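Going left to right, the sequence shown walks through residues 43 to 191 as this note's numbering numbers them.
Glycine included, every Cβ here is placed at the ideal spot set by N, Cα and C.
Owing to the predicted nature of the structure, the values given are computational and were not obtained by experimental measurement.
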Amino acid sequence: MTVNDTNPALLEPLEFARLVKRTPAGELRRLMHGDQRTAVLDELFARMPNVFRADRAGSLDAVIHWRIGDRPDGGVDTYQLVIANGRCELSPRPEAEPALTLSLGAVEFLQLITGNAHPVLLVMRGKLKTTGDLGVTAKFPTLFDIPRP
């Protein structure tokens with residue numbers, strides 16, 4: 043099975059993480075430049091509230107914008123997560139002012155959210171840019187149970 047033949051909605055998170063781990067970056071790039079890009083991103087973001095750790099969020103109230111680059115037309119896809127009252131929800135439109143904006147390429151996004159890349163290393167290499175509240179930035183990586191392939 044290759045990543046281009048796969049619908050992440052049909053795979054368990056750990057299974058998808060293992061698939062991303064064994065797939066070369068060039069193949070991941072082709073996936074994220076193809077017809078499946080929106081479906082892949084939509085599915086992965088839809089899963090985020092299910093792996094949210096409310097116990098680690100405490101009283102955090104924050105709007106997070108994810109800006110996923112490398113779209114075939116040169117643009118970015120923006121997704122908004124709202125963390126409030128111990129819950130995490132995916133917003134249909136990124137309209138609120140974010141406390142934190144995470145900007146990265148599509149391949150790095152796949153690697154990050156599947157546990158195949160560490161956020162600090164991505165920041166150090168200039169692959170992940172963060173803007174906003176430093177407290178939210180520091181806390182954010184601990185708020186989700188990321189699969190460990």
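Does DSSP put residue i in a helix, a strand or coil?
| i | result |
| --- | --- |
| A104 | strand |
| T65 | coil |
For residue i, is the classification buried or exposed, using 16 other Cβ atoms within 10 angstroms of its Cβ as the cut-off for buried?
| i | result |
| --- | --- |
| A67 | exposed |
| A138 | exposed |
| P55 | buried |
| M74 | buried |
| L146 | buried |
In whole angstroms, what is the alpha-carbon distance linking residue i and residue j?
| i | j | result |
| --- | --- | --- |
| L86 | P50 | 8 Å |
| G177 | S101 | 13 Å |
| V124 | L185 | 12 Å |
| A126 | L142 | 14 Å |
| S133 | N158 | 26 Å |
| F151 | R64 | 15 Å |
From the DSSP secondary-structure annotation, give me the bridge partner or partners of residue i.
| i | result |
| --- | --- |
| G111 | Answer by DSSP bridge pairing: none, since G111 is not bridged. |
| I125 | A104, C130 |
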